[in-house]
Amino acid sequence: MANIYAQQDVKGVISDTNGELLPGVSVIVKGTVTGVTSDFDGNYSITVPDNTSVLVFSYLGMSTQEITVGNQSTINVALEESSEKLDEVVVTALGISREKKSLGYSVAEVEGDDITSVTQENALNGLNGRVAGVQINSTGGAGSTVSVILRGASSLTTDNQPLYVIDGVPLTSGLTNIGSTGSGIAVDYGGGIGDVNPDDIANVSVLKGPSAAALYGSRGANGVIMITTKSGKKGKGLGVSFSSSNVYETPYKFLEKSNLFANGSRPDPNTTQIDETSSGWVGPELDKGLSAIQWPYTDEEIASGVGIATPLISRGADNAKNFFESAYTLTNTIAVENNTDRMNYRMSYTNMQHEGFIPNSDLHRHNFGINSAFDVTDDLKITSSLKYTITGADNRPSTTDRNANPLQAVYDINPHIDIRDLEDYWLVEGQSQNAPYNFGDDPSDFEYNNPYFMAYEINNGFERKRLMGNIQVDYQITDKLSLMGRYAYNDSHEERETKISSGFSREINGAYGLVNINGIESNADFLLSYRDKIGENFDYSLSGGGNTRNVNSSYVSTQTKNGGSGLIVPNLFLLSNIAADNIDYNETQSKERVNSLYALGNISYKDMVYIDATVRNDWSSTLPETENSFLYPSISSSILVNNIFDMGNNVSLFKLRVGWAQAGNDTSPHNLYAILSNSGDWGAASQLAVNAALKNDEIKAELNTSTEYGVDLSLFKNRLSMDFTYYESDNENQIFSKALPISSGATSKLFNAGNLNSKGFEASLGGVLIDSEDLRWNMNVTYTQNKTIITELAEGTDYVRFWSQARGGAYTWVGEEVGQIVDADFIRVEDENSPYYGWPLLDDEGWENSDRTLSNDDGTRAAAVIGNYNPDFKMGLQTSIQYKNWNLSMNFDWRKGGQFVSQTHRYGESDLQTTRWLDKVYDLSDVGDIPTYILENADNFLSPDGDFYPVVGGPTAEYGGFPVDDLNDGVFVPGVIGTYDDDGNFIATQENIGGPGTQYHTYGDQYGWDFTRNATFDADYVKLRQISIGYTFSNKIAEKLAMRNLSLSLFSRNIILWTKAGINIDPESAFQYSNGNLSQGVERYNIQPWAIPVGIKLNASF
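Encoded structure:
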């Protein structure tokens, strides 16, 4: 017969081991949902069913305690700090808090203090190296787009970005926020996640796999990053906190370029007078006593005898440096918080102001926020969060492409021109530039733009206002049954204004444009939960809920036509100042709705085995009615082996975990049926046309099936912890566009036409190396490895193109890893009976030949693979040393493997401006008989290893050149010239190896544009991303200043920045605007100078 006891009340006070009272401690009757939290004085009071009840006391950062009530009516508790947070509670899908040890999948959590110890204008940059399985890239510079890939690519056509959830409010932050008003202009306005205030972040949970994110359905296919912002529940009464950060950055390393040669030509080889009006590259050598009547004299002045010839001298390596300015970022935050026995709140305001390296570039952000929680009764709780952000700039320079990019203009300036002479950038004010190669008064008679003109007269201003928030009601219906209801709202309005003054090379008469982008998303969801026990050993919970999501977006653009007639009145930036036939107007609107139902359940046996299962069904409006319903299940398990077997005191945790899940992607609106769009005017009439890309009303959702296995260990009383995860994902029904033959009357059509397979391994190792009264040393190491392979493509589809630029590209065929960088193949003599078999087969002029065939007849790859933009692996190391009141923290990051294409170097080398070029050209001036030397070293010259085509010669005799009829000496490409007869026999007509008849060419013409190898570099790097040293003043000093806490820190970023490429381009910036999107593995004048920022940060609370 069971014993029945009367209910009893238990009360007490909760503190830490130092006697500091702890508010907000969770007190739960074990096995039930009955619970309370301690007030701001650490007091609690709870009613328990009987004296066999066990109270569980848990608090973030403290070891959980369990105490049997017995006959006690007062239980005071002193919680101890947990070395490894073994019992920590983490935020999982739908905002549900769970004990980390109970999870059967990997969830990583980063504290807000770790992110903000070194000031970052984008919170995501603080995650670099801290979380295994996460790869982060950025276009560079404050406010730029940041790409986050969790566990590799899961889709061939989407941007693979995770879903962000900020205090329960979903936020999509894609890679397409690129503006392009005017010809040749691409401006990165940054993703939506950049609107989040780093100083407001309490912690970040990274749900990396479908097992963790399955409850988010199609939106969780790429993983979820959950951001919880600070609240007032940890404070005691009313408090005010303030932080101020000042960061100063001085550029110290720039793109290296050759300072040896000027532009120009020598009309008379027997004189030292140079005609500088010829803008050809690699002209006369500098610092050799040669002279020229130099810019800024015009060609008319030179012809009339005006102007004095001056020596051609190099302006040195600091020439580019003289253009850039020191950058600074000032960030101030003030917050007011309060915590009472029934409610808490936190209100905050942050102001961030940034001035960039490029003159006249800036960024500003204002963040307003309020979080509140109100316990209406013991059973009814209301929480809310509201964030309002204004992000903007007077000018965002175009730094993700060429043409309007000031960075390109800086490095294109010839080394004999002092860049400071260009600062007065008007030739005729308001009409034409004072550009180095503008010889005359015709504003269109120049090849390159003045970098100062582009900095000050091409202005891309924008302002983005975002209002996001939610209100949540939690009602404890009974001890076992609870109900949650929540409404979330995200409203973004972005306005852009581009002003291009007259005189820009691609918009001679100027240009003007206005763009308005609006997006509203609302989510309403509910969750009904039931918790109970089965006997003494089993605990379980069941939950069911639903969500409805509505998205409305619009895009309106009114601007001058690219390359059109420009403005009527120069530099009057009004829409009414654009001729009617020169206005380009575009407007798009889209709506999307997804309705969802989901259920989840978990059961545990003692504290040994946990099993979780979830299921979600989405109904999406972007898919056809017959295919718009898709089900996503998941199941996972956690086994605490150390609680099953006695493994001794040195094993704090030994957990095995396994998870299986399905998630997926739907498609964008307007992909089912044909829509009409503006196609220009026919006389006075506007035309509408159907897009040439066919829609598909039978499209299916992409489906990601993933399995992960893991082991978590915690040893030596939690002093050492480690976890390992292996995962595999199959991604089916890939949605992408397939080209159609011209005879179809269309260009392409959407299909479900591909499968991907991803495999990866993640590991983290952390420990407390020293833990004494005055000294504590922590260290954490992360390791990430992933490979994604295309396993299937639809019939007739040979490959997937990710990007292509200037004859290079990232393409992948079936059976190959995503991210392959391919190149044209060398054409060689194929006649095995010929003595020239394998030699480079040159054209009649002695240039190399290339085979640009991508696929063979059977659909396999014909192009040559020269690299892959994905790393072999990445590792991160974080360490923190605390000695008394001092703290030193560092964050290292190492990338091993992978390649990137530098179009910057490609253009620079084609103009022979880079320092690498002279090292790459074979100088044979001192080897005697050149043909003999080439034949003796045939492996280097006649059988190139794939790096580049060997070239023999140089720009002058001193550099091994050969005489040609130009200012430059010459070069030649080793190989053979010839043809094949009808039987396939090779007939050589000329050996091109330096003997008689060799085809020599001007040095300045010799760069091989047919090949991408020349511009492909290893992407390995080692970075000391962050270093911070801080001091926390004693309570005695703080109290004298009427403060609760006071700390001061000095910090920096990227003090160590080593790259294997050694070209002063950060491989992380190989993230480039291409084909209407931002693409990984390629950069094109995205060459921000390297800088070591120095910052100081003050934190104070009252």
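Numbering of the sequence shown is given in numbering that gives the first Met the number 0, commencing with residue 0 and proceeding in unit increments. We treat Cβ as the ideally placed atom computed from N, Cα and C, and that holds for glycine.
Between V26, T33, N17 and T46, which lies nearest to Q6 when the distance is taken from Cα to Cα?
-> T46
Among H353, T557 and A1099, nearest to I582 - alpha-carbon criterion = T557
Just tell me which of P396, I602, N777 and G208 has its CA closest to the CA of G189.
-> P396
Indicate whether Y631 and Q588 have their beta-carbon atoms separated by less than 8 Å.
-> no
Within 10 angstroms of the Cβ of E83, are there 16 or more other Cβ atoms? Answer buried if so, exposed if not.
-> For E83, the predicted structure reports a pLDDT of 48, less than 50, and the residue's modelled location is therefore unreliable. A value from the coordinates is still provided. Counting Cβ neighbours within 10 Å, E83 comes out buried, since at least 16 surround it.
Between which two residues does the alpha helix (DSSP H) containing H363 stretch?
-> Counting along the chain, H363 falls outside any alpha helix (DSSP H), though it belongs to the beta strand (DSSP E) covering D361 to D374.
C-beta contact flag for D38 and L78 at 8 Å | no
Ranges of the beta strand (DSSP E) found wholly within the region 439-488, counting only runs of at least 3 | 457-475
From the DSSP output, which residues share a beta bridge with Q819?
-> N867
Specify, as a first and last residue, the run of the beta strand (DSSP E) that E701 falls within.
-> E701 to L714
If you drop the 5 nearest sequence neighbours on each side, which residues of the same chain put their C-beta closer than 7 Å to that of G709?
-> S105, R656, D722, F723 and T724
Quick one: which unbroken beta strand (DSSP E) runs of 3-plus residues sit fully inside the region 161-233? Chain order, please.
-> 162-165, 168-170, 200-206 and 223-228
Those residues which DSSP pairs with W802 across a bridge | A809
Out of R341, P209 and G518, point me to the one whose CA is closest to D377's CA.
-> R341
Give the DSSP bridge partners of R97, in chain order.
-> V89
Candidates A752, Y999 and E586: closest to S552 by CA position = E586
For the alpha helix (DSSP H) that D1110 lies in, which residues bound it at each end?
-> Missing from the structure shown is residue 1110; the chain here goes from 0 to 1101 and no further.
Under the three-state DSSP convention, the category G977 falls into | strand
Whole angstroms is fine: what's the gap from E816's alpha carbon to S720's?
-> 33 Å
Does the region 41-58 come close enough to the region 13-31 to have 3 or more Cβ pairs within less than 8 Å?
-> yes
Chain-order list of residues whose beta-carbon lies under 7 Å from that of G994 (same chain, five-residue window excluded) | P930
Closest residue to L254 among D981, Y906, W812 and L573 (Cα-Cα distance) = Y906
Other residues of its chain near N848: CB distance less than 7 Å, five sequence neighbours each side excluded = I826, L840, L841 and D842
What do you reckon, are the CB atoms on S500 and R465 nearer than 8 Å?
-> no
Measure the beta-carbon distance from T1058 to Y1084 and round it to whole angstroms, keeping in mind my assumption that it falls under 8 Å.
-> About 18 Å separates the two Cβ atoms, so there is no contact after all.
With burial defined as no fewer than 16 other Cβ atoms inside 10 Å of the residue's Cβ, what is the status of N321: buried or exposed?
-> exposed
Whose C-beta lies closer than 6 Å to the C-beta of D824 among residues of the same chain, with five residues either side of it excluded?
-> D850 and A863
Are D773 and K605 close, meaning C-beta to C-beta below 8 Å?
-> no
Can you have a look at E248 and say buried or exposed, based on whether 16 or more other CB atoms are within 10 angstroms of its CB?
-> buried
Validate contact between the region 472-490 and the region 450-461 using beta carbons, cut 8 Å, 3 pairs | no
Own chain residues within Cβ distance below 6 Å of T613, not counting five before or after | A213, L214, L599 and S633
From what residue to what residue does the alpha helix (DSSP H) around I643 run?
-> V640 to I643
Near P310, what residues of its chain come up, given a Cβ to Cβ distance below 6 Å and the 5 sequence neighbours on each side ignored?
-> S290
Cβ neighbour criterion (16 or more within 10 Å) applied to A1060 | buried
Determine the direct distance from the alpha carbon of T903 to that of Q912, and round the result to whole angstroms.
-> 11 Å
Rounded separation between T382 and N370 - CA only | 8 Å
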